[in-house]
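This report concerns only the one structure given below.
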Amino acid sequence: MKFVKFFFITKNLLLRNYNLIHNTKKSLEEVITSNYRIQNIEPLIVYESRIKKHGKIFKNIINKERLPIDIYGLRIIYDIPGSDNYTNMNYIGYNILDIIHKNFQIYNNEVDDYIKYPKENGYKSLHTNIYYKKCIFEIQIRDVYMHHHTLYGNSSNYHK
Numbered sequence: 074m075k076f077v078k079f080f081f082i083t084k085n086l087l088l089r090n091y092n093l094i095h096n097t098k099k100s101l102e103e104v105i106t107s108n109y110r111i112q113n114i115e116p117l118i119v120y121e122s123r124i125k126k127h128g129k130i131f132k133n134i135i136n137k138e139r140l141p142i143d144i145y146g147l148r149i150i151y152d153i154p155g156s157d158n159y160t161n162m163n164y165i166g167y168n169i170l171d172i173i174h175k176n177f178q179i180y181n182n183e184v185d186d187y188i189k190y191p192k193e194n195g196y197k198s199l200h201t202n203i204y205y206k207k208c209i210f211e212i213q214i215r216d217v218y219m220h221h222h223t224l225y226g227n228s229s230n231y232h233k
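The opening position of the sequence shown corresponds to residue 74 in my numbering, with each subsequent residue numbered one higher.
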């Protein structure tokens with residue numbers, strides 16, 4: 074019976090918070106693009122958002138008997154056109170992470186640094202969680218090469 078209750082709680086959370094995730098994405102974008110370090114480098118930055126699918130949330134509730142913290146996700150993908158300097162690319166990612174940490178409340182003060190410590194399948198990204206407007210958002214920060222590898226390389230869902 075408690076799983077049915079969780080099911081309806083999550084369904085209501087998802088329906089109520091579509092505007093919240095959009096507004097949070099806009100707030101992140103404003104903070105990052107207004108930063109002088111980012112303005113000096115002028116990278117191209119794409120902001121994506123997602124709400125975890127209801128079935129995955131429910132599966133997580135059944136398996137772990139709790140709500141997952143990554144229901145709401147925001148992804149920041151950046152590039153410097155014409156640059157093949159990976160050190161500069163990583164520098165931008167760490168700067169974006171620093172900007173987020175200085176402007177938002179961080180949930181659990183935790184960062185998963187898969188750039189410095191990639192997963193065995195080659196997955197690279199920076200992950201952190203923010204607490205904003207009474208919700209937790211998982212933030213993923215990666216350059217276009219990392220993103221391409223996540224979608225089409227060994228770390229994609231197709232290779233599992």
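All C-beta atoms in this analysis are idealised placements derived from N, C-alpha and C, irrespective of residue type, glycine included. All figures in this text were calculated on a predicted structure; none of them were measured in a lab.
What would DSSP say about residue i, mapped onto helix, strand or coil?
i, result
"residue 107", "coil"
"residue 221", "helix"
"residue 151", "strand"
"residue 187", "coil"
"residue 128", "helix"
"residue 226", "coil"
"residue 117", "strand"
"residue 198", "coil"
"residue 133", "helix"
"residue 181", "strand"
"residue 156", "coil"
"residue 176", "helix"
"residue 138", "coil"
"residue 161", "helix"
"residue 98", "helix"
"residue 168", "helix"
"residue 90", "coil"
Identify every residue that forms a DSSP beta bridge with residue i.
i, result
"residue 210", "145 and 203"
"residue 122", "147"
"residue 216", "151"
My understanding is that residue i touches residue j, with C-beta atoms under 8 Å, so please give their C-beta distance in whole angstroms.
i, j, result
"residue 147", "residue 101", "6 Å"
"residue 151", "residue 166", "7 Å"
"residue 195", "residue 227", "5 Å"
"residue 192", "residue 219", "Between residue 219 and residue 192 the Cβ distance is about 11 Å, and since that is not below 8 Å, they are no contact."
"residue 168", "residue 111", "7 Å"
"residue 153", "residue 161", "6 Å"
"residue 214", "residue 149", "5 Å"
"residue 97", "residue 206", "7 Å"
"residue 208", "residue 136", "Residue 208 to residue 136, Cβ: 22 Å. No contact."
> How do the stretch 137-151 and the stretch 194-211 stand: do at least 3 beta-carbon pairs fall below 8 Å, yes or no?
Replying inline: yes
> Can at least three beta-carbon pairs, one atom from the stretch 116-136 and one from the stretch 170-184, be found at a separation below 8 Å?
Replying inline: no
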